[in-house]
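Asks:
Numbering (this note's numbering), first residue to last: 78 to 423.
(1) Just the C-alpha distance for residue 126 and residue 416, rounded to the nearest angstrom, thanks.
(2) Return the bridge partner residues of residue 424 from the DSSP annotation.
(3) Let's test the definition: count the other Cβ atoms within 10 Å of the Cβ of residue 172 and tell me whether it reaches 16, buried, or not, exposed.
(4) Pick out the complete beta strand (DSSP E) segments inside the segment 118-178, 3 residues or longer, and give them in chain order.
(5) Just how far apart, CA to CA, sit residue 151 and residue 214?
(6) Thinking residue 231 and residue 219 are a contact (beta carbons under 8 Å), I'd like their distance in whole angstroms, please.
(7) For residue 338, count neighbouring Cβ atoms within 10 angstroms of its own Cβ and tell me buried if that reaches 16, exposed if not.
(8) Between residue 331 and residue 261, what straight-line distance do the alpha-carbon atoms span, to the nearest angstrom?
(9) Which one or two residues does DSSP pair with residue 197 in a beta bridge?
(10) What does the alpha-carbon distance come out to for the pair residue 370 and residue 299?
(11) May I ask you to report which of helix, strand or coil DSSP gives residue 326?
(12) Are the beta-carbon atoms belonging to residue 141 and residue 113 less than 8 Å from one another?
(13) Within the chosen definition, does the segment 248-259 reach the segment 377-390 through at least 3 CB pairs nearer than 8 Å?
(14) Take the Cβ of residue 277 as the centre, count every other Cβ of all protein chains shown within 10 Å, and call the residue buried at 16 or more, exposed below.
(15) Residue 227: buried (16+ other C-beta within 10 angstroms of its C-beta) or exposed?
(16) For residue 188, which three-state DSSP category applies?
(17) Do residue 207 and residue 166 come within 8 Å of each other at the CB atom, strictly closer than that value?
(18) Roughly how many angstroms separate the alpha carbons of residue 123 and residue 168, rounded to a whole number?
(19) Please tell me whether residue 73 and residue 258 are closer than 8 Å, where the distance is taken between their beta carbons.
(20) Alpha helix (DSSP H) containing residue 406: first to last residue?
(21) Who pairs with residue 307 in a beta bridge, going by DSSP?
(22) Do residue 199 and residue 190 count as a contact pair if the criterion is CB distance below 8 Å?
(23) For residue 372, which of helix, strand or coil comes out of DSSP?
(24) Helix, strand or coil for residue 262 per DSSP?
(25) To which residues does DSSP link residue 202 through a beta bridge?
(26) Would residue 106 and residue 407 qualify as a contact pair, given that the criterion is a beta-carbon distance under 8 Å?
(27) By how many angstroms is the C-alpha of residue 286 removed from the C-alpha of residue 216?
(28) Is the Cβ-Cβ distance between residue 294 and residue 379 less than 8 Å?
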């Protein structure tokens, strides 16, 4: 929701791990990345069906500004003041989103009680569209550069979530969730492809030692297979909301998987590093990193840098936000910069 449309050129340098690097902000604020349908763009039959569930036409519609998918997403306020967050997508043309939303609803309904996550209210299908209603969380996306108190709230919430998912309930596991190790082998690890000449070397990586990047990322599947519990799989700034009391809520649960919580933690803290906070200390001191392999952070950063940078080079995607590739490029560059500082590469 807040931030700069471009990286500042006069940002003060920040000392991290003995090096000096400028604060970097994403090219488009996380709260302004989405390109979504408005309420009026939905089929009339679907609008009528949603209004019926609300008890009448919505008094207010707040379309979500963040995110990288093209589905409808908005907080709807009913005539009596009831607020729900509704995601909707077309059965034809957006079937993947429909499947994601239905899968997320099944996950949210089975998460342990008491966690700061939105819960499903209801779902409906009408006029060739599927709609899912969740609890509406009254909050804002964390601000970048990170406010230390907001990052602390996010890390506290993730400690609570990681602890609850360390021994997940049987009905959640019964959903047949994917394994991070398999996802890594199939889609996340790309430096080996670059080394083999099947993918071009991304521009920000021209000075990084490719053989070391390959060696680091290749350890992720084995580490992930050995880790108990579940990982959120998509822990980002725009999947967090901070309420008026300062508590962070974790949203968008489509990518829950068997894997280590420290991988989530590394992904979130890329923005901490980019905006000048001591991300190394935050990672090392977090409960999700307890018992992690000594090089878990470096392995995660290598894998994420390759994933984001090669994704950014894939060209525009007609099925997602036009800002997706620039955000992938920025995230990959920050992950690689953090890894470079940690490894002492020049």
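Ideal Cβ positions, reconstructed from N, Cα and C, are used throughout, including at glycine. These numbers were taken from a predicted model, which means no experiment stands behind them.
Replies: This is what the structure holds:
(1) Rounded to the nearest angstrom, the two C-alpha atoms are 50 Å apart.
(2) With the chain represented from 78 up to 423, any question about residue 424 goes unanswered, as that position is not in the structure.
(3) Residue burial annotation: residue 172 is exposed, with fewer than 16 other C-beta atoms found within 10 angstroms of its C-beta.
(4) Runs of the beta strand (DSSP E) inside the segment 118-178: 137-140, 149-154 and 160-167.
(5) So the two alpha carbons sit approximately 11 Å from each other.
(6) Right, the Cβ-Cβ distance comes to about 6 Å (below 8 Å), so this counts as a contact.
(7) With 16 or more other Cβ atoms within 10 Å, it is buried.
(8) When rounded, the distance between both Cα atoms is 17 Å.
(9) Answer is 211, bridged to residue 197.
(10) Near 11 Å, if we compare the C-alpha coordinates of residue 299 and residue 370.
(11) Strand.
(12) Going by beta carbons, residue 141 and residue 113 fall inside the 8 Å limit.
(13) Not touching, per the Cβ criterion.
(14) Classification of residue 277: exposed, given that the 10 Å Cβ count is below 16.
(15) That one is buried.
(16) Here DSSP, grouped into helix, strand and coil, assigns residue 188 to coil.
(17) Yes, they are a contact pair.
(18) A straight line joining the alpha-carbon of residue 123 with that of residue 168 spans about 12 Å.
(19) Residue numbering for the chain in the displayed model covers 78 to 423; residue 73 lies beyond these limits and cannot be assessed.
(20) Note, residue 406: alpha helix (DSSP H), 401-420.
(21) Residue pairing by DSSP places residue 307 opposite 335 in a beta bridge.
(22) Not closer than 8 Å, so no.
(23) Of the three classes helix, strand and coil, the one that applies to residue 372 here is coil, per DSSP.
(24) Residue 262 sits in a helix when the DSSP states are folded into three classes.
(25) Residue 202 pairs with 207.
(26) Between residue 106 and residue 407, the CB-CB gap reaches or exceeds 8 Å.
(27) The C-alpha of residue 216 lies about 42 Å from the C-alpha of residue 286.
(28) Residue 294 is a Cβ neighbour of residue 379, given a cutoff of 8 Å.
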